[in-house]
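Presented below is the structure to which this report refers.
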Amino acid sequence: MPKFACISIDSQGQRIESRNEAASIPELSSFLRTRGLTPVSIKEVKPEAFSSQVMRELSSFLQASRIKAMEVAVFFRQLATMLEAGVNLSECLDSLSSQTENQRFALLLRQIREYVAWGRKFSQALSEYPRIFPSLVTEMIAVGEEAGSLDEITSE
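Mapping of the sequence shown onto the UniProt record's numbering: position 4 corresponds to residue 4, and the numbering continues sequentially without gaps.
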């Protein structure tokens, strides 16, 4: 099924960017309208540039790299602050990846942002890197996502 990059406006006039799968542009447009969104732009996105083999190698590289627990703790503290300020998750991940000094951690954050942009839950994206984000962390994030309190969970 084709993937599309969408820009929509919600009922409060806020711009929403998303990536969705649909059989066609009209089908996706109809779907967005049922969710209370007004489509502004819908463009088909080409398949991901990396093959699954390259992605597996990248994942191994990232997990084998030295990302310190303190860096992860600082990331969650900064993420919580940004979420509490009303910044959406994708923008948080963009900003934090560009501010992170450890290039391997920055690359990992950009990859997580891509997973989220393609519609995966944040907790699912984190669970791809179990050596960096233990299952307890991903489970807490999943609870926060379900409860709508991701900002509170990330601050703990």
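C-beta atoms are modelled at their ideal positions from N, C-alpha and C, and glycine is treated no differently.
Exercise. Does the distance from the C-beta atom of I67 to that of V40 stay below 8 Å?
Worked result: Reading the sequence shown from its first residue, position 67 is the one you call residue 67. Reading the sequence shown from its first residue, position 40 is the one you call residue 40. Against a cut-off of 8 Å, the Cβ pair of V40 and I67 comes out as no contact.
Problem set entry | For E101 and Y115, believed in contact at Cβ under 8 Å, the rounded distance | Here residue 115 refers to the residue found at position 115 when the sequence shown is read from its first residue. Here residue 101 refers to the residue found at position 101 when the sequence shown is read from its first residue. Rounded, the Cβ-Cβ distance is 23 Å, inconsistent with contact.
For this session: Inspect the beta-carbon positions of D151 and E84 and report whether they are closer than 8 Å.
Result: In the sequence shown, residue 151 corresponds to position 151, counting from 1. In the sequence shown, residue 84 corresponds to position 84, counting from 1. Going by C-beta atoms, D151 is nearer than 8 Å to E84.
For this session: Would you tell me roughly how many angstroms separate the C-alpha atoms of T81 and G119, rounded to the nearest one?
Result: Within the sequence shown, residue 81 is the residue found at index 81, counting from 1. Within the sequence shown, residue 119 is the residue found at index 119, counting from 1. About 23 Å.
Exercise. In or out: M70 buried (at least 16 other Cβ within 10 Å) or exposed?
Worked result: Sequence index remark: in the sequence shown, residue 70 carries index 70 (1-based). Exposed, by the Cβ-count rule.
Exercise. Where does T38 land, buried or exposed, given buried means 16+ other C-beta within 10 angstroms?
Worked result: Start at 1 with the first residue of the sequence shown, and residue 38 comes out as number 38. It is exposed - the Cβ of T38 has fewer than 16 other Cβ atoms within 10 Å.
For this session: Check each candidate in S30, Q124, R104 and E21 and name the one with the smallest Cα separation from V72.
Result: Within the sequence shown, residue 72 is the residue found at index 72, counting from 1. Cα-wise, what sits closest to V72 is R104.
Exercise. Which residue from G13, Q14 and P26 puts its Cα closest to that of P2?
Worked result: Counting from one through the sequence shown, the residue named residue 2 turns up at place 2. Nearest C-alpha to P2: P26.
Exercise. Which full runs of the beta strand (DSSP E) of 3+ residues lie inside the region 116–155, going along the chain?
Worked result: none
Exercise. Nearest-angstrom Cα distance between S123 and T138?
Worked result: The sequence position of residue 123 within the sequence shown is 123, counting from 1. The sequence position of residue 138 within the sequence shown is 138, counting from 1. Between S123 and T138, the C-alpha separation is close to 5 Å.
For this session: Grab me the residues of V54's own chain with a C-beta within less than 7 Å of its C-beta, minus the 5 sequence neighbours each way, in chain order.
Result: As a first step, residue 54 is located in the sequence shown; it is residue number 54 there, counting from the start. Per-residue confidence for V54 stands at a pLDDT of 46, beneath the threshold of 50, marking its modelled position as unreliable; no derived number is given.
For this session: With A80 as the anchor, note down where its beta strand (DSSP E) starts and where it stops.
Result: Position 80 of the sequence shown holds residue 80. Here A80 belongs to no beta strand (DSSP E); instead the alpha helix (DSSP H) covers A69 to E84.
For this session: Grab the span of the alpha helix (DSSP H) containing T34 for me, first residue to last.
Result: Against the sequence shown, residue 34 aligns to sequence position 34. That run of the alpha helix (DSSP H) goes I25 to T34.
For this session: Select from A125, E44, V45 and R110 the residue whose C-alpha is nearest the C-alpha of D94.
Result: Along the sequence shown, one-based indexing puts residue 94 at 94. Minimum Cα distance to D94 is reached at R110.
Exercise. Any idea what DSSP makes of A22, helix, strand or coil?
Worked result: Position 22 of the sequence shown, counted from the first residue, corresponds to residue 22. It is coil, neither helix nor strand.
Exercise. Where does the unbroken alpha helix (DSSP H) through E91 begin, and where does it stop?
Worked result: Mapped onto the sequence shown, residue 91 falls at position 91. L89 to Q99 is the extent of the alpha helix (DSSP H) around E91.
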